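Protein chains in written order, with my numbering: chain U, 52 to 736; chain G, 824 to 924.
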């Protein structure tokens with residue numbers, strides 16, 4: 052405890068960052084329904100943001116700050132808890148707070164009048180607290196605690212409207228799939244602890260950390276006196292990656308993310324931008340020295356496949372939030388590829404830029420859904436407010452929302468002048484350079500990324516054109532009366548902030564060249580790839596050329612209404628619209644067999660176990676009947692006399708107890724207390 | 824550093840919370856929750872005192888047994904509550920007053 056007096060300023064600021072949402076959470080928990088305003092939560096996250104800015108200014112490119120205090124001991128092993136601030140965590144702290152604050156402000160308007168809004172602020176504060184704790188944790192154990200809390204808070208938020216069966220199904224799915232990932236994380240921690248006897252991130256993964264110093268000759272993985280077969284290193288990497296796959300929605304664990312759209316839109320934006328899915332990527336970067344070549348290849352391959360798969364699914368979805376959800380999965384695939392090729396700084400850079408424009412896209416979608424809901428209620432229509440087939444021509448009614456969406460969409464498509472251009476090009480160029488050094492087969496990673504980025508441009512253009520261009524598809528909207536309005540200022544201001552952050556000046560003074568970006572410069576490059584100049588001109592040109600062609604096609608089809616009817620509704624369309632039938636496959640391949648096994652076990656229990664017990668019971672019953680006869684005839688006669696006396700006494704003493712069992716318990720407790728008290732008086736020396 | 828007293832304090836708090844729930848809650852499931860809290864208070868004490876057990880880990884082993892038994896007890900108790908609900912259409916302990924006669 053005496054260490055507390057020696058806390059340095061950045062650590063104190065980190066504690067403020069962490070505690071502000073926690074205090075807001077406690078406040079909401081105590082106040083319950085009485086606290087319906089979001090002001091405490093918003094103020095708390097604003098305080099966190101200020102402290103995070105201070106930390107960032109002190110720590111970025113400076114000395115790493117690490118302070119810890121002893122936490123607990125188990126036998127010989129002592130565990131420590133502390134805070135680790137370096138470039139990575141300072142940046143992420145700033146990002147989480149900078150995304151969470153606009154979302155809080157937006158939610159104040161968006162969630163106004165919701166019946167359960169007091170719970171909303173409660174969960175939101177918990178969510179931010181968990182993510183901030185995960186980011187600044189200095190040991191794997193603390194990180195795991197944050198990791199679990201993030202999962203739990205997202206479970207609560209996805210099921211926020213718990214009266215909808217779909218929401219309950221969605222949050223159960225998210226939770227169960229995240230549990231699979233948690234298991235991976237836990238196994239990874241266990242392997243690390245067995246090998247190194249510590250969970251301290253600095254000691255393990257620092258510059259001269261144990262993982263780097265450990266010796267691995269392909270047969271044995273040795274550190275100091277402790278050795279285990281080398282394949283455990285691969286297993287540990289795979290286990291941690293399993294955790295990240297579930298959290299960051301990588302194939303085949305991505306299925307929870309689209310369903311998580313059942314939560315409020317503002318929550319989706321937070322989950323997708325800064326708090327939930329970012330955790331997986333962050334964790335992989337934090338423990339990056341651990342990965343050996345096989346695991347990196349696996350990460351890259353899964354990332355590339357996920358990116359491509361999610362992009363093809365996003366092409367045909369009709370729900371505005373589903374499109375964005377699959378787009379998130381696809382972009383997370385990009386980040387995974389960046390990790391897989393060893394460019395951790397680039398992965399974090401894309402995480403940051405993606406956070407801003409994806410959060411903005413979701414908030415815009417929320418504004419649109421808000422207005423569609425409004426139309427639905429005033430006109431008493433039967434329509435799904437999230438279906439883009441019902442929208443169209445909204446540009447005239449919501450010009451500001453339209454402009455901001457356009458900025459975010461361009462950033463997602465990766466067109467120049469936006470932040471998305473810088474980070475996406477960085478990943479693509481590094482991927483091509485990396486592939487130069489691999490066998491020809493691995494060329495598929497950069498090529499599939501290129502295809503994915505073309506598809507990205509198409510599906511986001513389709514969304515923008517279908518929602519904002521053309522004519523309104525509900526005839527009543529078009530007829531003079533102005534049912535649709537611009538989003539209120541409380542929603543537009545946070546969106547404007549995010550829109551500004553989605554442009555290039557925040558990240559680099561040069562809008563065309565990612566190498567000048569300060570975020571990438573802030574991370575050491577583990578192995579510098581040889582710069583292949585040709586890629587630095589050809590790749591951006593290819594990306595942008597493809598994107599522009601795709602946007603043009605989307606414009607012809609959706610804005611001008613020249614959709615090639617009939618010719619596109621083939622097998623592939625169905626395959627994409629059904630999300631590759633993965634949900635069906637999981638249902639048939641995993642859920643159904645599990646249920647079948649449970650039913651068989653139930654039947655076994657019923658017939659064999661119960662049968663045995665029943666036979667036993669029959670025998671005992673026969674004995675009991677005999678005993679009963681003896682009892683009746685001999686013992687009862689004697690006891691009944693005593694019993695009658697007891698009944699009389701009971702009747703007198705019963706008083707007001709009236710069979711209420713808790714009164715009995717309470718009296719017993721009182722008597723026990725009296726006996727204890729008297730006993731202590733008498734027997735104490 | 825967290826000392827034994829801290830553990831005992833937390834345990835006493837847990838126990839009192841549980842006792843309160845058992846005595847005052849009007850929902851049998853919450854009463855059950857209270858019982859669980861009391862068990863956990865006891866388990867915490869076992870683990871805390873187990874530190875003075877040298878290298879034998881007696882307290883921790885015992886705690887593990889207690890946790891397993893508690894889990895079994897919950898299963899049984901929930902089954903009982905289900906049956907009580909089927910019979911009385913209520914799980915308020917006050918409504919189940921057949922003990923009076």
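Idealized CB from N, CA, C, for every residue including glycine.
Small disclaimer: the values here were computed from a predicted structure and weren't measured.
Hey, residue i and residue j are a contact pair by Cβ (cut 8 Å); roughly how many whole angstroms apart?
i	j	result
residue 842 of chain G	residue 871 of chain G	The Cβ separation is near 19 Å, so there is no contact.
residue 415 of chain U	residue 507 of chain U	So it is not a contact: roughly 17 Å between Cβ atoms.
residue 837 of chain G	residue 863 of chain G	6 Å
residue 154 of chain U	residue 317 of chain U	5 Å
residue 176 of chain U	residue 79 of chain U	6 Å
residue 135 of chain U	residue 252 of chain U	6 Å
residue 353 of chain U	residue 290 of chain U	Between residue 290 of chain U and residue 353 of chain U the Cβ distance is about 14 Å, and since that is not below 8 Å, they are no contact.
residue 361 of chain U	residue 305 of chain U	7 Å
residue 242 of chain U	residue 286 of chain U	7 Å
Check the Cβ-Cβ distances between residue i and every residue of chain B, and say whether any is below 8 Å.
i	result
residue 824 of chain G	The structure shown contains no chain B; the protein chains it does contain are U and G.
I'd like the list of long-range same chain contacts for residue i, defined as Cβ closer than 7 Å, with 5 residues on each side in sequence excluded.
i	result
residue 185 of chain U	194, 197, 198, 201 and 330
residue 288 of chain U	341, 342, 343 and 346
residue 494 of chain U	486
residue 919 of chain G	907 and 911
residue 856 of chain G	844
residue 436 of chain U	420, 423, 424 and 427
residue 244 of chain U	250
residue 102 of chain U	64, 67 and 68
Here's a check: name, in chain order, each residue in its chain whose Cβ is nearer than 6 Å to the Cβ of residue i, leaving out the five neighbours to either side.
i	result
residue 168 of chain U	87 and 162
residue 434 of chain U	427 and 441
residue 605 of chain U	509, 512, 513 and 516
residue 210 of chain U	218, 219 and 222
residue 476 of chain U	565 and 591
residue 212 of chain U	218
residue 339 of chain U	395
residue 105 of chain U	64
What separation, rounded to the nearest whole angstrom, lies between the Cα atoms of residue i and residue j?
i	j	result
residue 349 of chain U	residue 389 of chain U	12 Å
residue 540 of chain U	residue 249 of chain U	51 Å
residue 147 of chain U	residue 137 of chain U	15 Å
residue 303 of chain U	residue 588 of chain U	34 Å
residue 145 of chain U	residue 327 of chain U	15 Å
residue 235 of chain U	residue 852 of chain G	33 Å
residue 686 of chain U	residue 846 of chain G	37 Å
residue 396 of chain U	residue 840 of chain G	49 Å
residue 367 of chain U	residue 884 of chain G	57 Å
residue 52 of chain U	residue 867 of chain G	Here residue 52 of chain U scores only 43 on pLDDT, less than 50, and its place in the model should not be relied on; the value that follows carries that caveat. Cα-Cα distance, rounded: 22 Å.
residue 95 of chain U	residue 889 of chain G	41 Å
residue 826 of chain G	residue 192 of chain U	21 Å
residue 81 of chain U	residue 75 of chain U	10 Å
residue 584 of chain U	residue 603 of chain U	29 Å
To which residues of the same chain is residue i closer than 8 Å at the C-beta, ignoring the five residues directly before and after it?
i	result
residue 59 of chain U	116 and 118
residue 452 of chain U	415, 418, 419, 445, 537, 538, 543 and 546
residue 269 of chain U	281
residue 573 of chain U	111, 112, 138, 142 and 396
residue 854 of chain G	844, 845, 848 and 916
Can you check which of these residues, the options, is closest to residue i by C-alpha distance?
i	options	result
residue 824 of chain G	U:107, U:130, U:112 and U:93	U:130
residue 384 of chain U	U:290, U:356 and U:339	U:356
residue 114 of chain U	U:139, U:235, U:490 and U:94	U:139
residue 283 of chain U	U:512, U:271 and U:731	U:271
residue 859 of chain G	G:909, G:892, G:902 and G:913	G:892
residue 461 of chain U	U:701, U:376, U:553 and U:535	U:553
residue 173 of chain U	U:91, U:396 and U:595	U:91
residue 128 of chain U	G:889, G:878 and G:882	G:878
residue 393 of chain U	U:478, U:730 and U:307	U:478
residue 351 of chain U	U:656, U:296 and U:551	U:296
residue 97 of chain U	U:274, U:682, U:77 and U:156	U:156
residue 187 of chain U	U:674, U:70 and U:278	U:70
residue 568 of chain U	U:697, U:120 and U:400	U:400
residue 233 of chain U	U:267, U:215 and U:292	U:292
Cβ contact check for the segment 498 to 506 of chain U and the segment 629 to 648 of chain U: 3 or more pairs under 8 Å
no
Answer yes if the segment 317 to 325 of chain U comes into contact with the segment 393 to 411 of chain U, meaning at least three C-beta pairs across the two stretches below 8 Å, and no otherwise.
yes
Could you tell me whether the segment 388 to 405 of chain U touches the segment 463 to 477 of chain U, using the rule of 3 or more Cβ pairs below 8 Å?
At 8 Å Cβ cutoff, the stretches touch.
Do the segment 168 to 184 of chain U and the segment 64 to 74 of chain U touch if we need at least three Cβ pairs shorter than 8 Å?
yes
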